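Remarks on the structure that follows.
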Amino acid sequence: MKKTILIIFLLSGILSAFSQRIIEYKTALSGLVSTRKNLPLWATTNKYGIVPDSKGGLIQAGIFSDFNSRKKIQTAYGFSGAGFLTQNKNSIILDELYFSLKWKKIRIDLGMKHPEEEYNGISAQNGNIIYSGNTRTMPGYNLKTDFIPIPLTRETVAFKFNWADYTMLDDRFVDKTRLHNKSLYLKITPWHKLNITVGLEHWAQWAGTSPLYGKQPHSFRDYIRIFCAQSGGDGATLSDSINVLGNHLGREHIRIDYKADNCTLSFYHDILFEDGSGTRFANFPDGTWGICYSNKNPKQWLSDVMYEFLYSKSQSGRYHDRPATEEEKAQQDPCDPFYGRKILGGNDNYFNNGEYQSGWTYYGRTIGTPFITPLPPDADGITLGVFNNRVIAHYIGIKGYFFQKIPYKFRLSYSRNYGTYSKPLEHTPKQCSFGLEAGILRNPGIPFHMDLGIYGDYGKLYHRNFGITISLSRNGVIK
553 MKKTILIIFL LSGILSAFSQ RIIEYKTALS GLVSTRKNLP LWATTNKYGI VPDSKGGLIQ
613 AGIFSDFNSR KKIQTAYGFS GAGFLTQNKN SIILDELYFS LKWKKIRIDL GMKHPEEEYN
673 GISAQNGNII YSGNTRTMPG YNLKTDFIPI PLTRETVAFK FNWADYTMLD DRFVDKTRLH
733 NKSLYLKITP WHKLNITVGL EHWAQWAGTS PLYGKQPHSF RDYIRIFCAQ SGGDGATLSD
793 SINVLGNHLG REHIRIDYKA DNCTLSFYHD ILFEDGSGTR FANFPDGTWG ICYSNKNPKQ
853 WLSDVMYEFL YSKSQSGRYH DRPATEEEKA QQDPCDPFYG RKILGGNDNY FNNGEYQSGW
913 TYYGRTIGTP FITPLPPDAD GITLGVFNNR VIAHYIGIKG YFFQKIPYKF RLSYSRNYGT
973 YSKPLEHTPK QCSFGLEAGI LRNPGIPFHM DLGIYGDYGK LYHRNFGITI SLSRNGVIK
């Protein structure tokens, strides 16, 4: 890791010295207060895991370059960090550290980088039920493309893909878990104002060292098994040998964009899957539905409005298997590990896993949609998955300008929370949360900006809480 950081800095320094580019800096100092020890939901959610969940102070700083469009092979880089002082913990965080290469429509990011912002930042999950920007960055590489037109289609049909691998650095049940990711998307443009995008995104946790099963399979052959979602070989656990090696999950995605003269209307649907039953749509109607309106003039009172609906109660049914009948047993192989059981494929138990017990969490926060709730860390500081993944949630996000001078963003969510099939929550707690963020000071004569955040939780999942954040920031260009 230290060698990777050094190489990134050396390359970025050399390349920036011989090319003209725009280099931006960003700094911010924030104070965080609330009526409880923790902060309300929208004060910390989808902020890349940087804002601590406790009262205190936060300082952030970063330097970023753009791509140099004059070169055939373009380069960009970025570095940012944060430090916080709170009642619960003090820490210094490396947020982003990356170096990017771009040639035509192909790009590779090396290091730690935020996911790209979707829907102008007003989605509850950044338009992705699996990878929402709710957690800290992971070191690795991401090879990806822009949409590439398919020959002979007159640019009506295009595709893009990505291939990425990361290392999870937090304290987790399986230490040094590796993370593989790939996706493929197809965009159809039957009319210049209409885009239809469909795609499949796959993630897999693998390798690492388990306190129960020791070192997990990590060879190149095992990587091929992970890539192809095949069952495990030598050294794999019984479950991974029967099913597939590692912990696999992903999404099936559809998005429709209509581009009018003054605005864009977008619709998207994410279908979450944890196993084969999800890819066969047996978990219907689980997933997220979202619709967004975006005005091309950002300084409207309402420039962006988004509604999202999450449903995750089905999970392909309550039971994964049941006792087989005598007729069913007669047709089964006695050597089959599931002999005597009828596989139903239910209880998908989103974001949890038997071998990778920290599940789909990172540094104590859910990697995917924030409406699926992680367990609090245990005595060793390890998060062992989620306790609430059967959820019905409604969300509204609004963005615009007050009086064409004060930028603001408003979030409002309401959810009913059922826990898990194995451990349902009593009384199905309801939860309402809001967040209002506004740039209250934007004066060209003052060398900094001031932002105010007001947040609240009302319900039985997070209990009643009210919080305020005040931030002083300064952004600019290094000339």
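With the first letter of the sequence shown counted as 1, position 220 gets the number 772 in the numbering used here; the numbers rise by one all the way through.
From the three backbone atoms N, C-alpha and C, an ideal C-beta is built for every residue, glycine too.
Note that this is a predicted model, so its numbers are computed, not measured.
Check	Outcome
Burial state of residue 844 (16 or more Cβ within 10 Å)	buried
The segment 706 to 713 contacting the segment 682 to 698, beta-carbon criterion three pairs below 8 Å	yes
For residue 769 and residue 801, believed in contact at Cβ under 8 Å, the rounded distance	Contact flag wrong, Cβ pair sits at about 19 Å.
Residue 948 vs residue 822 beta-carbon contact at 8 Å	no
Contacting residues, own chain, Cβ-Cβ under 6 Å from residue 601 (five flanking each side not counted)	687, 688, 915 and 917
Where residue 793 sits in the DSSP three-state scheme	With a pLDDT of 49 at residue 793, under the threshold of 50, the predicted position of this residue should be treated as unreliable, and no value is reported.
First through last residue of the beta strand (DSSP E) which encompasses residue 1018	1017 to 1030
Residue closest to residue 658, alpha-carbon to alpha-carbon, out of 1006, 648, 624 and 684	624
C-alpha distance - residue 837 paired with residue 997, whole-angstrom precision	53 Å
Proximity below 8 Å, CB of residue 934 to CB of residue 631	no
Limits of the beta strand (DSSP E) - the one that residue 577 falls within	575 to 586
Sub-8 Å separation of residue 943 and residue 965 beta-carbons	no
Residue from 908, 924, 881 and 887 with nearest C-alpha to residue 902	924
Contact under 8 Å by Cβ, residue 866 with residue 835	yes
Three-state class that DSSP yields for residue 755 in the structure shown	strand
Cα-Cα separation between residue 641 and residue 609, rounded to whole angstroms	11 Å
Residue 816: first and last residue of the uninterrupted alpha helix (DSSP H) it sits in	Segment 815 to 825 is the beta strand (DSSP E) holding residue 816; no alpha helix (DSSP H) there.
Rounded C-alpha distance that separates residue 1026 from residue 849	24 Å
Pairwise C-alpha distance: residue 599 and residue 1077	Nothing in the structure corresponds to residue 1077, since the chain is present only between 553 and 1031.
Enclosing beta strand (DSSP E) for residue 963 [first to last residue]	958 to 969
C-beta contact flag for residue 676 and residue 804 at 8 Å	no
Paired residues, beta bridge with residue 780 - DSSP	DSSP lists no partner for residue 780.
Straight-line gap, residue 908 to residue 955 (C-alpha atoms, nearest Å)	50 Å
Under the three-state DSSP convention, the category residue 569 falls into	Reliability fails at residue 569, whose pLDDT of 44 lies under 50, so the model's placement of it is uncertain and no value is given.
Which of helix, strand or coil DSSP assigns to residue 927	coil
Inter-residue Cα distance where the pair is residue 886 and residue 772	33 Å
Complete beta strand (DSSP E) runs within the segment 643 to 667 (minimum length 3 residues, chain order)	658 to 664
Closest Cα partner of residue 759 within the set 644, 1014, 616 and 779	779
Span of the beta strand (DSSP E) around residue 743	730 to 743
Residue 793 versus residue 783 - alpha carbon distance	Legend: pLDDT at residue 793 = 49, less than 50; position of this residue unreliable, value from coordinates given subsequently. Cα-Cα distance, rounded: 5 Å.
Residue 1013 in three-state terms, based on DSSP	coil
For residue 990 and residue 1003, believed in contact at Cβ under 8 Å, the rounded distance	7 Å
Residue of 637, 668 and 978 minimising C-alpha distance to residue 648	668
Three-way DSSP call (helix, strand, coil) for residue 851 in this model	coil
Complete runs of the beta strand (DSSP E) confined to the segment 579 to 637 [at least 3 residues]	608 to 617
Short Cβ contact (8 Å threshold) for residue 950 with residue 857	yes
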